[in-house]
Amino acid sequence: ESSWTDVVVAYAGSGHLQKAKAAFRLMPRWNDRAWNSVIAALGSSGSLAAAKSMFDSMPKRTLIAFNVMLAAFSRNGQLLEAERVFDRMPCRSTSTSNAMMGALAAAGRIDECKALFDSCSDKDLVTLHVMLRAYAHSGHVQRAKEMFDSMEHRNVISWTIVLHGFAEQGSPEDAAGTFHRMAVHDLTSCTAMMGAFAAAGRVKETKGIFDAMPQRNVVSWTTLLHAAAETGMLQDAKQVFGKMPHWDVTSTTSMMTACRGDEVRSLFEDMQQRDLVAWNALLSAYAQSGHMNMADEVAARMPKHD
RNA sequence: CUACCUUGAGUU
């Protein structure tokens, strides 16, 4: 019973949605943890309707279930629905406010995010991180830095948010300064540092970080690939792509942007799953090479979103 | 701080 739950939670948490659902169906008896983790996984994978219908079919909805649903609407860009959940849920926790702040920030409503932040009586580190990220991602890196400097408690996530803010701003030196001042480097912070160099076209330094990393995953490999791809180093990009342990939509799309002609098409066709970004990459490959008829055809076949 | 939810990295 409890071990079934562990299996469901583990699959759900690692993005293995199908396996999570399968394990959920096989469980002898369902519990809150299992329900919530599957609904959360549905929300994270863009299956908002499925998440909602599963939520609606729950026998009893706990506080965490409402939090999960709020986050699902937020992640899928449904701010109004997220607010509706927030307004109507029977009780709230710090995570509830954190999730609502995140929804506001994601919609660019920084002032409202800040207002909610100020009104929170129970703040935890996550609360601070949501606010920090809201500033860092909305062109207010300086404000983020000030907030960071005033924080009593920080962890590797706090540092990484600031580092990434500098990267987005196009300040690789500030990002590097932050990187070297932090005590703990993990996979994510190293990858963020790679991204800062990659965004500045500094391939050599991107690779330097990559080579020194104790662990790598598909994200760090893709960042390295992108560094080569965007600077026109086609052979290097191909070499990286060939060496990485596995491919996903993001890495394949990155490889597409470095290629030309038929290679782009065959990368696209070999993909297991395609998202809108991949379709756009195919479209712009044709458009940029002047194959407007092919571009039109792709545009017509593209799945449209609502 | 029993657990499930909320916060950091890659592609157009």
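Take 1 as the starting number for the first sequence in our numbering and just add one per residue.
In this text, a Cβ means the ideal position worked out from N, Cα and C, and glycines have one as well.
Keep in mind that this is a model prediction, so the values were computed, not measured.
Neighbourhood of residue i by C-beta, 8 Å cutoff - its chain only, sequence neighbours within 5 removed
i: V240; result: W221, L224, L225 and A228
i: L26; result: W4
i: T127; result: T94, S97, N98, M101, F117 and C120
i: P303; result: L276 and W279
N-terminal and C-terminal residue of the alpha helix (DSSP H) that residue i is part of
i: T127; result: L125 to A136
i: E205; result: V203 to A212
i: R84; result: L79 to R88
i: T316; result: With the chain covering 1 to 306 only, the question about residue 316 has no answer from this structure.
i: D296; result: M292 to R301
i: R33; result: D32 to S44
i: W247; result: Counting along the chain, W247 falls outside any alpha helix (DSSP H), and DSSP gives it neither H nor E.
i: T231; result: Unbroken run through T231: none, as it is neither H nor E.
i: S74; result: L63 to R75
i: T121; result: First, the amino acid is wrong: residue 121 is Ser here, not Thr. From DSSP, S121 is part of no alpha helix (DSSP H); its letter is neither H nor E.
Rounded Cβ spacing between residue i and residue j (contact assumed at less than 8 Å)
i: M54; j: I64; result: That belief does not hold up - the Cβ atoms of M54 and I64 are roughly 14 Å apart, past 8 Å.
i: L347; j: A103; result: Residue 347 falls outside the range modelled here, since the chain spans only 1 to 306, and no answer is possible.
i: A199; j: G170; result: 7 Å
i: T257; j: A295; result: With 8 Å as the limit, T257 and A295 do not qualify as a contact, their Cβ atoms being about 15 Å apart.
i: V162; j: F148; result: 5 Å
Straight-line gap, residue i to residue j (C-alpha atoms, nearest Å)
i: S138; j: H164; result: 12 Å
i: I157; j: D124; result: 13 Å
i: R33; j: D262; result: 47 Å
i: V9; j: R29; result: 14 Å
i: I110; j: V298; result: 37 Å
i: C190; j: G208; result: 11 Å
i: T206; j: M193; result: 8 Å
i: M182; j: M244; result: 28 Å
i: G108; j: E83; result: 14 Å
i: R61; j: S37; result: 13 Å
i: R274; j: T252; result: 10 Å
i: V249; j: M255; result: 10 Å
i: E168; j: T178; result: 14 Å
i: H246; j: D122; result: 42 Å
i: M292; j: S266; result: 18 Å
i: C259; j: M89; result: 50 Å
i: M151; j: G201; result: 32 Å
i: D6; j: Q215; result: 25 Å
i: V219; j: A50; result: 27 Å
Cβ-based neighbour list, residue i, same chain, cut-off 6 Å, excluding 5 preceding and 5 following
i: S45; result: L17
i: A105; result: C113 and A134
i: V184; result: V156
Close beta carbons around residue i, own chain, < 7 Å, minus the five adjacent residues each side
i: D236; result: A228
i: Y11; result: K19, A20 and A23
i: E81; result: F73
i: V85; result: F66, M69, L70 and F73
i: R143; result: Y135
i: D174; result: F166
Coil, strand or helix - residue i by DSSP
i: P331; result: Any answer about residue 331 is impossible in this case: the structure gives the chain only from 1 up to 306.
i: N155; result: coil
i: H185; result: coil
i: Q288; result: helix
i: H180; result: helix
i: M54; result: helix
i: A22; result: helix
i: G13; result: helix
i: A271; result: Note on residue identity: the sequence assigns Met, not Ala, to residue 271. Three-state result, M271: coil.
i: A200; result: coil
i: H140; result: coil
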